[in-house]
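A.B. asks: The structure's right below; bear with me while I get my questions together.
In UniProt numbering, the protein residues as written are 1 to 863.
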């Protein structure tokens, strides 16, 4: 810095004798030298000095020097040294982090780098120019270009991705960097590609078809695979970016036999130090490798891609390698958890992989199936929550769409002479967890047992045969369903345990009339459900339990075969009407879908929970609830207080007049909707025009701002020159010489032009604010019109639905009266009239007479 200070004093001069120039003045002179000097050495020295100043005086260098630096990149491409200085300076200007040198500068804002990035990429040619220097072999130039592009894309990801796509051979230039023999260049290129491929499927596809997979695997192999350093992790992150949510790349990865190249990476050394454990970098590498596998077989992918990848993973013995890690010793907990999740998704829905998983034996004494060992960990309250969740997810995937596996689990609960009582089975473990004192074990076991019944009515009926051992002196054994209902009614049973049992019972009785009948015969079940639904708890989770109880009661109505006296559909509905209330019942039912746990569980099959209290609802249960909620509501609300289904109930003769009234209301709503639609169209057109004008004003404002900045810089330079001229003139010369007049007139002219631009800028800014206010008013009016339109449309739909129901009910009421032998006035009118006009007139008079003469007392008298 001393050298720079002395250089600035001697070469650039000072505003006053003995004082160094200010930072802005120094930057201005350096920028002038870099832009206008004829000698390359002078321009190079200026760029070197700007680079030195760019970390402490970033705003001054960026505001004044960016055009000159871009000019250097465009014109001085033959000199690698000056190009490297220019690229490094630009990289400092657009850096997102704050430098230590500018920590004391209050004018530096947090997003100053992002603002300079926006200025730089405003011209696509600037990005193309930097992309061109990726082909320069000189180390300083190529690395500086990579670092600049990396910083730019960190600040403006979407914009840079689009500019790279339109740049000629832009992605190909990036891919060529991976073949650079210099590791520093290659490693920086990996970081650039990681940023470039984030969330952009087009770039991901181009990178994949530029032979990226082969290059990535070559780097991973050279760096030592799982035992490698941070470079291996970067390669795996890039590989994950290319595969995640990109079905095209996933298919290409599978067809290119790259899954076979993944398998050897999981052949880890068995001589891991039990005391020292795994190295942190190795843990990161293996974790990324497991995420790559899951990106190929995650349930959110296309089923065709998932199935083909699952088959390839079995054939390449990748599943076998994962199972070896699963059963290995000394595996860290988080790696074990992610391995269980990976094995689960590799086996999910694939019968062959599920069968292979069932045959894996744990190296224990005596040897036990891996499923049994995993379930033992799940019901163990000392295990980590994440590990227990992953085990449950693996068990769900093991049973998914596999009736044979479901039957095998249920059969372990049924009495059999061939069963070895001394050996633990999956069914015994689930029962142990279901009836333990640990509420988490209750929930895990209930959900696991529920998955043995998903889409399998036969196993629901088989599970009804399960008998549990009772205490001494009991008259008869207790069935599993009876024990579940008994536990549910215990006040000491915790909330999570109740939620798990309610989900199990709901899945059990759904689409299974036999299970419904057995549940209704269980003593105290309906009384407990009624009491729960009728309660007025204020806790959110208590609302959830009440909603689950309402859903279970609704399923007992929906799938009731009406074979039990006093427990038929209409009997339970009468219980709801008289003891709970139909509206109250529906409100409780709606509490389930409004709960946060419901929205969280609906997103994905895998169970994710940061704390134990987040484990409430399961993905498969939410699917069941979503599919049957509307049917339950329709069934419950389809009965009146007399036990007659409203779908077969008719209305009185007053309904016709009410229908006519509704028709008039609907016509009025139609007219209002039409008017609102026209208003919305006009407001949208007005909004579009104002937005276009707003964009034009903003662009003009930006241009004027840039011009204003430039004029201020010119004015400052001329003031300095004026000062120097004044100091060097003769002190006794009082006459105004012509050179001084010319100089004064040129500063005055620049000041006038600056004031003019400043005034115009203020006027445009005020106009811009007015346009924004008008646009906001128009937007508010459009939103209000849309809300009124939607409200009216909903009212119309409700009225139309009510109108349809009433017309159907009128017809059925007339048929019921005819079948009962009662006189129907419409029949008389139909016999006496032969024309359409007579029919309409008689129908109107009949309605009028019905309104005045017909009453419930009159109908009763006729009966």
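Note that the Cβ used here is the ideal one computed from N, Cα and C, for glycine as well. Remember, it's a predicted structure, so these values are computed and weren't measured experimentally.
1) State whether the segment 480-488 contacts the segment 511-526, with contact taken as three or more CB pairs (one from each stretch) at a distance under 8 Å.
2) DSSP has residue 479 in a bridge; who is on the other side?
3) Tell me whether the beta-carbon of residue 55 lies closer than 9 Å to the beta-carbon of residue 114.
4) Please classify residue 451: is it buried, with 16 or more other beta-carbons within 10 angstroms of its beta-carbon, or exposed?
5) Write down every uninterrupted run of the alpha helix (DSSP H) in the segment 239-322 whose length is 4 residues or greater and which is fully enclosed by it, in chain order.
6) Measuring CB atoms only, is the segment 552-569 touching the segment 523-535, in the sense that at least three cross pairs come out at less than 8 Å?
7) Pick helix, strand or coil for residue 348, following the three-state DSSP scheme.
8) Name, in chain order, the residues that DSSP records as bridge partners for residue 690.
9) Quick check on this structure: which residue in 459, 449, 467, 524 has the alpha carbon closest to the alpha carbon of residue 504?
10) Using alpha carbons as the reference points, say which of 623, 71, 312 lies closest to residue 130.
11) Taking the alpha-carbon of residue 68 as reference, which of 328, 28, 600, 254 has the nearest alpha-carbon?
12) Tell me which residues share the same chain as residue 267 and place their Cβ nearer than 7 Å to its Cβ, disregarding the 5 neighbours each side in the sequence.
13) What does DSSP give as the partner residues of residue 362 in its beta bridges?
14) What residues in its chain sit with their C-beta under 7 Å from that of residue 338, if we drop five residues either side in the sequence?
15) Alpha carbon to alpha carbon, how far is residue 814 from residue 571?
16) Enumerate in chain order the residues of its own chain whose CB-to-CB distance from residue 19 is below 6 Å, with the five nearest sequence positions on each side excluded.
17) Among residues of its own chain, excluding the 5 on either side of residue 444, which ones have a beta-carbon nearer than 7 Å to its beta-carbon?
18) Cβ atoms of residue 507 and residue 544: under 9 Å apart, would you say?
19) Are residue 95 and residue 58 closer than 9 Å when you measure CB to CB?
20) Candidates 211, 206, 236: which alpha carbon is nearest residue 220's?
21) Is the beta carbon of residue 139 less than 9 Å from the beta carbon of residue 182?
22) If you drop the 5 nearest sequence neighbours on each side, which residues of the same chain put their C-beta closer than 8 Å to that of residue 469?
23) If you compare alpha carbons, which of 447, 406, 461, 62 is closest to residue 358?
24) Could you pull out every residue in the same chain whose Cβ sits closer than 6 Å to the Cβ of residue 128, ignoring the five residues on either side in sequence?
25) Just to confirm before moving on: does the CB-CB distance between residue 494 and residue 439 stay below 9 Å?
26) Within the continuous alpha helix (DSSP H) that includes residue 451, where are the two ends?
27) Quick one: give me the first and last residue of the alpha helix (DSSP H) that residue 140 is part of.
28) Within this structure, are the beta carbons of residue 789 and residue 680 separated by less than 9 Å?
29) Please return the same chain residues whose Cβ sits closer than 7 Å to the Cβ of residue 684, not counting the five positions on each side in sequence.
30) Between residue 542 and the rest of its own chain, which residues show a CB-CB distance below 8 Å, the 5 nearest in sequence each way excluded?
31) Residue 67 by DSSP, collapsed to three states: which one?
32) Excluding five sequence neighbours on each side, which residues of the same chain lie with their C-beta closer than 8 Å to the C-beta of residue 690?
33) Enumerate, from N- to C-terminal direction, the unbroken alpha helix (DSSP H) stretches of 4 or more residues contained entirely within the segment 511-546.
34) Just to confirm before moving on: does the CB-CB distance between residue 23 and residue 47 stay below 9 Å?
35) Excluding the 5 residues flanking residue 285 on each side, which residues of the same chain have their C-beta closer than 6 Å to its C-beta?
C.D. replies: Let me spell this out:
1) yes
2) 467
3) no
4) Within a 10 Å sphere around the beta-carbon of residue 451 sit 16 or more other beta-carbons, which makes this residue buried.
5) 247-255, 259-262, 280-297, 303-315
6) Yes, they touch.
7) In this structure, residue 348 counts as coil in the three-state DSSP scheme.
8) Bridge partners of residue 690: none, in fact.
9) 449
10) It is 71 whose Cα lies nearest to the Cα of residue 130.
11) 28
12) Setting aside the 5 residues that flank it on each side, residue 267 is surrounded in the same chain by 321, each with a C-beta closer than 7 Å to its C-beta; the list follows chain order.
13) Answer is 368.
14) The answer, listed in chain order, is 287, 290.
15) 27 Å
16) none
17) 378, 379, 388, 392, 433
18) no
19) yes
20) 236
21) yes
22) 477
23) 406
24) 167
25) Result yes, Cβ atoms of residue 494 and residue 439 sit closer than 9 Å.
26) 439-451
27) 139-155 is the span of the alpha helix (DSSP H), which, as asked, contains residue 140.
28) yes
29) 782
30) 495, 535
31) helix
32) The residues are 771, 774, 775, 778.
33) 513-521, 525-534
34) no
35) 226, 232, 233
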